[in-house]
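Protein sequence lines correspond, in order, to chains L and R. Number 6 in the working numbering belongs to position 6 of the first sequence; there are no gaps in the numbering. Number 1135 in the working numbering belongs to position 135 of the second sequence; there are no gaps in the numbering. Here the structure comes first, spelled out in structure tokens, and everything after it is commentary.
Protein chains: 2
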Amino acid sequence: MTAKRSNYHHGDLRAGLVEATRQLVEDKGPDRFSVSDACRAAGVSTAAPYRHFNDRDEMLLEVAAQGMERFYELMCDAVAPHEPGTLDAITNLGHAYIRFATTEPGVFRLAFGLTREHKDNEDMIAQGKRNYGVLLSQIAAYLGKTEIDEEVLERAFPLWTMVHGLAFLLIDEKTTALDLKLDLPVMLRENTRRLLSD
Amino acid sequence: MTAKRSNYHHGDLRAGLVEATRQLVEDKGPDRFSVSDACRAAGVSTAAPYRHFNDRDEMLLEVAAQGMERFYELMCDAVAPHEPGTLDAITNLGHAYIRFATTEPGVFRLAFGLTREHKDNEDMIAQGKRNYGVLLSQIAAYLGKTEIDEEVLERAFPLWTMVHGLAFLLIDEKTTALDLKLDLPVMLRENTRRLLSD
DNA sequence: TACATATGTTAGCACTTCTAACTTTGGCAA
DNA sequence: TTGCCAAAGTTAGAAGTGCTAACATATGTA
């Protein structure tokens, strides 16, 4: 993994470090990640990152931001093939949520369990709003509305919490610890339907 | 906070360190916690903890275990005043869940987002099962059953994920970041009802 | 009263994040 | 084409971390 390079200048160290960081966040978890490890992986000295990032947290923030971008695309892809506002579309959105969390648990955890410094980052909040917007517009369509009004928010939020909680319980392996065998597609569909019922 | 003591022996350093650790986990978060800080708070040298714990992780594990105990008591208290298996009992259980998460976010995060070493700890898993059992028996009662069968598990799990996700979104302040104003009691009751409907 | 053991200490190693001061190099202006 | 400046690397080191080894002290029991 430790890329030995011949040239003094790396080429695109910033991108190299972000990828190394992402990798490490997945392998060891966001809290176990170390700048030194990332440097070793990128094949540079431990001082090099500070030409591109203010500190460790900023490296993690960038990984989180890029993760949110991938997350957004995944969600868009999930609703695209379906008629907007159908149970199929909304259920599939939930699946995409779970898929992102389980394929990138480190990044998912990072993006949602951010430290004090990260959590009031403007861009991060904007990305969060945009991502949640995908669900909101589906629910609006489900309710036959063109605007995101109070009712849309009220019906969307519990769906989010259910899927968000499911994501965390899966990646924290609470389901396996408690020997819970789940039929995920059925579980998601049935309870999405219930939460959308009167 | 740094307790200066006159005697060479602390008295009950183990308990002192656990309390200092709990405090720090709340103040700085589980990942920001340091053994050194706990030592300063307890007024002992940085080597002292290793007479009582194998390592840093074991200190956190103890805090998590004691937290799970408090969590259990809170849940028992929440259902006690109600007829078992009623919507009141189940809703109030959800409230207890949220209350624990929001009053002890550090410990809550610690207990559920455990590291590799913690997560296959026998006692921790047993505590998790016992805590989940409180919900399971309520759902069994709701369904008019005396055993925890497949149907009970199927109906209980989505309730857990919804409340668990809500807990995390609240403590990670996603709700405030997205300017979501919630009527928590109504939201919990209505959606618990929906998840329990056909 | 004696001393074994539990529980504290200090010293120090290997590691971390981050800064300061130095070095290399690519690209642009003369 | 040359020369130099800024960007982006380097090494050295400060301050802090987890943890161990070797030493010190108090306590409970024989």
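C-beta atoms are modelled at their ideal positions from N, C-alpha and C, and glycine is treated no differently. Note that the structure is predicted; figures quoted are calculated from it, not measured.
- Rounded to the nearest whole angstrom, the C-alpha separation of R1099/R and V186/L is 30 Å.
- For a Cβ distance threshold of 8 Å, residue set D172, E173 and A177 of chain L lies close to K1119/R, ordered along the chain.
- Between the alpha carbons of A20/L and D27/L lies a gap of roughly 10 Å.
- In the DSSP assignment, N1092/R falls within the unbroken alpha helix (DSSP H) covering L1087 to T1103.
- Rounded to whole angstroms, K129/L and Q1138/R show a C-alpha spacing of 36 Å.
- For a Cβ distance threshold of 7 Å, residue set A1177 of chain R lies close to I125/L, ordered along the chain.
- Secondary structure at K181/L: coil, using DSSP grouped into helix, strand and coil.
- In the displayed model, K28/L falls within a helix according to three-state DSSP.
- The C-beta distance from A89/L to H95/L rounds to 11 Å, too long to meet the 8 Å contact threshold.
- For F168/L, the secondary structure class from DSSP, reduced to helix, strand or coil, is helix.
- Here N1092/R is buried. Its C-beta has 16 or more other C-beta atoms within 10 Å.
- Secondary structure of L143/L (DSSP, three-state): coil.
- Note on geometry: alpha-carbon atoms of E1104/R and L170/L lie some 22 Å from one another.
- By the CB criterion at 9 Å, A41/L and D123/L fall outside the cutoff.
- Here the alpha carbons of E1190/R and G85/L stand approximately 21 Å from one another.
- Of the residues A1177/R, Q1127/R and D1172/R, the one whose Cα lies closest to the Cα of M1068/R is Q1127/R.
- Put simply, the CB of E1083/R is far from chain L, with every gap to its CB atoms at 9 Å or more.
- The Cβ atoms of W160/L and Y142/L do not sit closer than 9 Å to each other.
- Of the residues V25/L, Q23/L, H52/L and P30/L, the one whose Cα lies closest to the Cα of D12/L is H52/L.
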